[in-house]
Amino acid sequence: GGIITQTPKFLIGQEGQKLTLKCQQNFNHDTMYWYRQDSGKGLRLIYYSITENDLQKGDLSEGYDASREKKSSFSLTVTSAQKNEMAVFLCASSRGLEQYFGPGTRLTVL
Amino acid sequence: QQKVQQSPESLIVPEGGMASLNCTSSDRNVDYFWWYRQHSGKSPKMLMSIFSNGEKEEGRFTVHLNKASLHTSLHIRDSQPSDSALYLCAASIGGSALGRLHFGAGTQLIVIP
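These protein sequences, in sequence, are chains E and W. Following the working numbering, the numbering of the first sequence begins with 1 at its first residue and continues without gaps. Following the working numbering, the numbering of the second sequence begins with 111 at its first residue and continues without gaps.
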């Protein structure tokens, strides 16, 4: 088995601030993903990466940057936080098609 | 545009009843369908997957797939309050062996004791 950890668990930011979320997995999976989930809604793909140093844009990449520093870690940066924004950011990894999700980072922008 | 549509948006069933959830893709290049379950405050977990036409049963859960109509459905018999969750349908489209999934908006299931 394996585990995905996300830090921080809760993130409070100010409007216009640059914010970074981190994800680590020990499954040794090749592909990693960042999703955004608004309250009670489905998942929207922000970025994904099929290997170290690879980046692929998802459907919601505008306003975000990502970095795959090594196979086990994938970071997401909110380039300019939007006022009153509230969402959960979920990291996932996969080898093949089944995705495994981390516990999420809950973002609140004041 | 959303490639995966789910219905209904929310569903309330009595304990012991049958819950039926639907999912359709608008893209004819869909390869596989997946069902994920997400309990409140938790992360999604894969529940069932289906790749070929027909039916697949695992305990109280049954998944149907009709590839011609690009439609899958999840049926939960003898529903329990612990089944209350957001059910997410996902599809892999266009031979995306890299593992990119398209998720629907979800069906919120509430099972009333």
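All C-beta atoms in this analysis are idealised placements derived from N, C-alpha and C, irrespective of residue type, glycine included.
Practice prompt. Quick one: residues in its chain with C-beta nearer than 7 Å to the C-beta of E:Y64, no 5 flanking neighbours on either side, listed in chain order?
Written response: As a working mapping, residue 64 of chain E is identified with position 64 in the first sequence. So the list reads I46, Y47, L76, T77, V78, T79, once near-sequence residues are dropped.
Item to complete: Could you tell me whether any Cβ in chain E is nearer than 7 Å to the Cβ of W:F171?
Response: Indexing the second sequence from 1 puts residue 171 of chain W at position 61. No - not a single Cβ of chain E is within 7 Å of the one on W:F171.
Worksheet entry | W:T134 to E:D30 span [Cα, whole Å] | The residue labelled residue 134 of chain W in the question sits at position 24 within the second sequence. The residue labelled residue 30 of chain E in the question sits at position 30 within the first sequence. Near 29 Å, if we compare the C-alpha coordinates of E:D30 and W:T134.
Discussion item. Give me the chain W residues within the contact set of E:Q25, using Cβ-Cβ distance strictly less than 8 Å, ordered along the chain.
Written reply: As a first step, residue 25 of chain E is located in the first sequence; it is residue number 25 there, counting from the start. Per Cβ cutoff of 8 Å: no residues; E:Q25 is ~13 Å from chain W at best.
Item to complete: Please check the pair E:L21 and E:T105, which I expect to be a contact at CB under 8 Å, by giving their CB distance rounded to whole angstroms.
Response: The residue labelled residue 21 of chain E in the question sits at position 21 within the first sequence. The residue labelled residue 105 of chain E in the question sits at position 105 within the first sequence. Contact between E:L21 and E:T105 holds, with the beta-carbon distance rounding to 5 Å and staying under 8 Å.
Fill in: Start-end ranges of the beta strand (DSSP E) lying completely within the segment 154–183 of chain W, minimum 3 residues
Uninterrupted beta strand (DSSP E) stretches at least 3 residues long and entirely within the segment 154–183 of chain W occur at 155–160, 164–168, 171–176, given in chain order.
Item to complete: Report back the beta-carbon spacing between W:Q190 and W:E125 to the nearest angstrom; my notes put them in contact at under 8 Å.
Response: Counting from one through the second sequence, the residue named residue 190 of chain W turns up at place 80. Counting from one through the second sequence, the residue named residue 125 of chain W turns up at place 15. Contact holds; Cβ gap of about 6 Å.
Worksheet entry | chain E contact for W:S202 (CB, 7 Å cutoff) | Indexing the second sequence from 1 puts residue 202 of chain W at position 92. True, the Cβ-Cβ gap to chain E drops below 7 Å.
Discussion item. Taking the beta strand (DSSP E) that E:T5 belongs to, which residues open and close that run?
Written reply: Translated into positions along the first sequence, residue 5 of chain E becomes position 5. Bounds of the beta strand (DSSP E) holding E:T5 are 4–7.
Item to complete: Run the CB neighbour count on W:A201, radius 10 Å, all protein chains shown included, and call it buried at 16 or more, exposed below.
Response: Here residue 201 of chain W refers to the residue found at position 91 when the second sequence is read from its first residue. With 16 or more other Cβ atoms within 10 Å, it is buried.
Fill in: Classification of W:A207 by the beta-carbon crowding that lies within 10 angstroms, buried from 16 upward
As a first step, residue 207 of chain W is located in the second sequence; it is residue number 97 there, counting from the start. At W:A207 the pLDDT is 49, less than 50, meaning the model places this residue with poor confidence and gives no usable figure here.
Item to complete: Below 7 Å between beta carbons is the criterion; list the residues of the segment 52–67 of chain E that meet it against any residue of chain W, in chain order.
Response: none
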